[in-house]
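Worksheet: one structure, shown below.
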Amino acid sequence: MFELKPALHIYKLGASIKIGLFLGIIFCSSLWACGTNNDDRYIFFLHNRFLEEHELNEIHPKFGRTEYNEIITKFKKNGFKVFSEKRNGNVNAREYAQGIVIQINSLIESGTESNNITIVGTSKGGYIAQYVSTLARNPDLNFVFIGSFRTSDLVNNPEINYCGNILTIYEKSDPFGVSALDRKKSSTCKIKHFEEIELNTGMGHGFLFKALKEWIEPTIDWANRNYKSK
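The sequence shown runs contiguously to residue 1369 in the numbering used here.
Structural data, given as structure tokens:
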């Protein structure tokens, strides 16, 4: 089972390079223990903020329980090796992303093709994934940003620069997720494939708390390199 073990207390060191090296060591140890195949497909799944500050079974007063394990199980059942952990505390998105980039680079150095790696993030996890895209600057990586863009981000997070094959998924009734076309236009890295999906579940931001086929199935397609856009 490819699942990164929790190690978020390392963020208390306050040094991003130490964080990245620590997570990289954990990753490499797991990698060699489990064995690798150059044709393996990987998903890095980054969950929402609510789960970062609450236990797995805690109930959001409006959206219910975050179906974290169910989401990961669906990815695994579709043949992906999944790296994920339950973050604890209000982690710094950019610093956390630096550790993920080190893990991705380790995979690539071990022979994995970049386009066999997909970084998926919901809500705050989507912002972490955007920082991974910015820092990795690898146009062949796949990204799925879910419910994680608002127009105000162009001012509040100007350093984010999309790079990779980008799928954004947002819900029509969710005020915390809209079309990210403006971010694509402001990004300087070449984006080979870009697609957006607007859902209409009526669940507001709660849609990403659940293991819904409406967003999981297109995410799996994207991770399988079934790009519709050219």
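Just so you know, even glycine gets a beta-carbon here, dropped at the ideal spot from N, CA and C.
Please list, in chain order, all residues of the same chain as residue 1324 whose beta carbon is under 7 Å from its beta carbon, the five residues on each side excluded. none
In three-state terms, what does DSSP make of residue 1254? helix
Is it the case that the stretch 1298 to 1312 contacts the stretch 1330 to 1342, given that we only count it when at least three CB pairs across the two stretches are under 8 Å? yes
Does the stretch 1260 to 1279 come into contact with the stretch 1231 to 1241, if we say contact requires no fewer than three beta-carbon pairs (one atom in each stretch) closer than 8 Å? yes
By Cβ distance below 7 Å, which residues in the same chain neighbour residue 1189 in space, the five residues on each side in sequence not counted? 1199, 1205
Residue 1344 (DSSP reduced to helix, strand or coil): helix
For residue 1313, the nearest candidate out of 1211, 1346, 1284, 1281 (CA to CA): 1346
Exposed unless 16 or more other CB atoms sit within 10 angstroms - verdict on residue 1218: exposed
Comparing alpha-carbon positions, which option in 1310, 1344, 1360 lies nearest residue 1337? 1310
Alpha helix (DSSP H) segments (min. 4 residues) lying fully within the stretch 1251 to 1300: 1263 to 1275, 1292 to 1295
Do you know offhand how far residue 1224's Cα is from residue 1319's? 26 Å
Under 8 Å between C-beta atoms, does residue 1314 make it to chain B? Considering every chain present, this structure includes no chain B. It has just one protein chain.
Among 1295, 1278, 1263, which has the Cα closest to the Cα of residue 1257? 1278
For residue 1246, report the span of its alpha helix (DSSP H) as first-last. 1232 to 1248
Helix, strand or coil: which one does DSSP assign to residue 1383? Here the chain has residues from 1140 to 1369 only, and residue 1383 is not among them.
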